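Asker:
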Amino acid sequence: MLKEKDPYLIVGASGLIGRAMSQSLSKRGIRWKGTYHSRFEPGLVKWDITNLDETKNIFSKFNPISVVLCTNLPGGVDFCDENRHIAAEFHLNSTKRIGQYCKEVNATLIYLSTDYVFDGGKYPYQEEAMPNPLNVYGQLKFQSEQWIQENLKKFLIIRTTNVYGWDPQTVTPNYMMNLYRALQKGKIFHAPSFLFGNPTYVVDLVQGILELCEKNYSGLFHIVGDSFINRFQWALDAATILGLEMSLIKELKYPISNKIERPLKSWLSNKKFKDHCKTKMHNHLEGLNLMKLSLERSY
Ligand SMILES: NC(=O)c1ccc[n+]([C@@H]2O[C@H](COP(=O)([O-])OP(=O)(O)OC[C@H]3O[C@@H](n4cnc5c(N)ncnc54)[C@H](OP(=O)(O)O)[C@@H]3O)[C@@H](O)[C@H]2O)c1
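Residue numbers for the sequence shown follow the working numbering, so the first one is 574 and each next one is one higher.
(1) Consider the C-beta atom of I761 and the heavy atoms of ligand 1; say whether any pair is separated by less than 8 Å.
(2) Can you list the beta strand (DSSP E) stretches of 3 or more residues lying completely in the stretch 754-819, in chain order?
(3) Do V584 and I638 have their C-beta atoms within less than 9 Å of each other?
(4) Please report the straight-line C-alpha distance between N771 and R592, rounded to a whole angstrom.
(5) Just to confirm my understanding: we take D579, look at its own chain, exclude 5 residues before and 5 after, and list those with CB closer than 8 Å. What are they?
(6) Report the rounded CA-to-CA distance for N708 versus L646, giving the unit in angstroms.
(7) Output the residue ranges of the beta strand (DSSP E) runs that lie fully inside the stretch 653-709 and measure 3 residues or longer, sorted by chain position.
(8) Which whole-angstrom value describes the C-beta separation of G711 and T687, a residue pair presumed to lie in contact below a C-beta threshold of 8 Å?
(9) If you count every other CB in all the chains shown that lies within 10 Å of the CB of H763, and 16 or more means buried, which is it?
(10) With respect to the beta strand (DSSP E) encompassing T733, which residues constitute its N-terminal and C-terminal limits?
(11) Any chance the CB of D621 is under 8 Å from a heavy atom of ligand 2?
(12) Looking at the structure shown, is D848 part of a helix, part of a strand, or coil, going by DSSP?
(13) What is the residue span of the beta strand (DSSP E) that E824 lies within?
(14) How far does the beta strand (DSSP E) with L642 in it reach, from first residue to last?
(15) I833 by DSSP, collapsed to three states: which one?
(16) Report the three-state DSSP secondary structure of T743 (helix, strand or coil).
(17) So, under 8 Å CB-CB, K845 and F794 are touching, yes? Tell me the CB distance rounded to an integer number of Å.
(18) At a cut of 8 Å, does the stretch 808-827 reach the stretch 859-866 through at least three beta carbon pairs?
(19) Would you call the stretch 645-664 and the stretch 692-704 touching, i.e. three or more CB-CB distances under 8 Å?
(20) What first and last residue would you give for the alpha helix (DSSP H) that runs through D626?
(21) So who's on the other strand from W605, going by DSSP bridges?
(22) Can you round the beta-carbon distance between W720 and K676 to whole angstroms, since I take them to be within the 8 Å contact cut?
(23) With H, G and I counted as helix, E and B as strand and the rest as coil, what does DSSP make of Y872?
(24) May I ask you to check if the CB of T733 is nearer than 8 Å to at least one heavy atom of ligand 1?
(25) Would you kindly work out how many angstroms separate the C-alpha atoms of V678 and N856, rounded to a whole number?
(26) Taking the alpha carbon of K695 as the reference point, which residue from K847, K853, L841 and H849 has its own alpha carbon closest?
(27) Taking only heavy atoms of ligand 1 into account, decide whether any of them is closer than 8 Å to the Cβ of T745.
(28) DSSP three-state label for K600, please.
(29) Which residues in the same chain as C653 place their Cβ atom closer than 6 Å to its Cβ, once the five residues preceding and following it in sequence are excluded?
(30) In terms of DSSP beta bridges, what is Y737 paired with?
(31) I need the DSSP call for K714, collapsed to helix, strand or coil.
Structure representation (structure tokens):
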């Protein structure tokens, strides 16, 4: 008997983007299945994407129309540089395996990628700009993008950056949650003024992805918020909007020299997305006001 198709399988539904995606789908009344790895959540299925048997099992159990791959390796960019083999297994080889299964079950792979494929030297970056990753994380994400483009017909690659939102269940808080929690406890918060990017409100991001899916678009899109600012300014603006003590925010003017190289000014142009879609990509001030509403609702 043929298994009923589930519209969406969210891989990493216990993460920031995955959870926002599942909430957006539920609000629209669209069925989805989701997975977690180490943080149990009721309703989600356990899956380690680096485990071959578990991967096979998932695809024999579920029959998705779209697979949204929003997993991330704990430890982030620094961990990847220090643990290249583990990082390659997670970011590249697992993506290839999942892509291969998507092909077999005729599902669309929706892959979350990053501004870290660029070096930050020639912004704003359009989708067709030539990547030049500075670290292992960026290299692996770029190699995954290349594999997907060369091997799959049904895919969406979404490059995004500086994603934030209020997600009290998360154990990997984003920049804005870290800021909020530190200032609320009266702690000093160091904010780099040399690091520029596009703050992207997580709800806008997932709504943008869903609009691309509904319109049956495929290919590579940048989905980011409408501001390009440095993290110090972002933190000051957030403190104003969220009613927090601004004097606790201390400017970090220079990178710490022994840190992994990363793009210091990465500005993804969202023009292509805006030309194709109606979802509003709020600037950081608008996004922070939306985050404030969801923060107030959560208490
Ligand atoms: N957040 C950003 O600012 C940003 C910017 C650019 C690109 N992206 C991309 O967006 C994606 C998602 O980011 P995020 O911020 O939502 O990540 P996140 O909040 O850290 O969540 C990561 C998710 O991956 C799951 N996971 C970890 N190890 C796993 C494994 N071995 N097998 C299966 N699942 C595993 C986690 O499950 P458990 O927690 O249950 O272990 C969690 O659900 C990443 O690919 C990242 O490259 C994010």
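Glycine included, each C-beta is placed from N, C-alpha and C at the ideal position.
What you are looking at is a predicted structure, and each value in this text was computed from that prediction instead of being measured.
Answerer: For this structure:
(1) Checking every heavy atom of ligand 1 against the Cβ of I761, none is found closer than 8 Å.
(2) Runs found: 762-765 and 792-795.
(3) One thing to note: V584 has its Cβ no nearer than 9 Å to the Cβ of I638.
(4) When the Cα atoms are used, N771 and R592 turn out to be separated by approximately 21 Å.
(5) For D579, where only same-chain residues beyond five positions count, the Cβ hits under 8 Å are R604, W605, K606, F635, N636, P637 and I638.
(6) If you take the alpha carbons of N708 and L646, they lie about 15 Å apart.
(7) Counting whole runs of 3 or more residues, the stretch 653-709 contains the beta strand (DSSP E) stretches 681-687.
(8) With 8 Å as the limit, G711 and T687 qualify as a contact, their Cβ atoms being about 7 Å apart.
(9) So H763 ends up on the exposed side.
(10) Looking at the DSSP string, the run of the beta strand (DSSP E) that includes T733 is F728 to T733.
(11) As for ligand 2, it is missing from this structure, which binds only ligand 1.
(12) DSSP places D848 in helix when its eight states are reduced to three.
(13) Per DSSP, the unbroken beta strand (DSSP E) holding E824 starts and ends at I822 to L825.
(14) Unbroken beta strand (DSSP E) run through L642: P637 to L642.
(15) In this structure, DSSP gives I833 a state outside helix and strand, which the three-state scheme calls coil.
(16) Judged by DSSP in its simplified three-state form, T743 adopts coil rather than helix or strand.
(17) Taking a contact as a CB-CB distance under 8 Å, the pair K845 and F794 counts as one, their CB atoms being some 6 Å apart.
(18) Pairwise C-beta distances place the stretch 808-827 in contact with the stretch 859-866, as three or more of them are shorter than 8 Å.
(19) The stretch 645-664 makes no contact with the stretch 692-704; the number of CB pairs closer than 8 Å stays below 3.
(20) Residues L625 to K634.
(21) In the DSSP output, where bridge partners are listed per residue, W605 has Y581.
(22) The beta-carbon separation of W720 and K676, rounded to 12 Å, does not stay under the 8 Å limit for a contact.
(23) Coil.
(24) Taken from the Cβ of T733, at least one heavy atom of ligand 1 lies inside 8 Å.
(25) In a straight line, the C-alpha of V678 is about 38 Å away from that of N856.
(26) Answer by Cα proximity: L841.
(27) T745 Cβ: within cutoff of ligand 1.
(28) K600: helix per DSSP, three-state reduction.
(29) For C653, the CB contacts under 6 Å within the same chain, skipping 5 residues up- and downstream, are A660, V709 and Y710 in chain order.
(30) In the DSSP assignment, Y737 forms a beta bridge with Y774.
(31) K714: helix per DSSP, three-state reduction.
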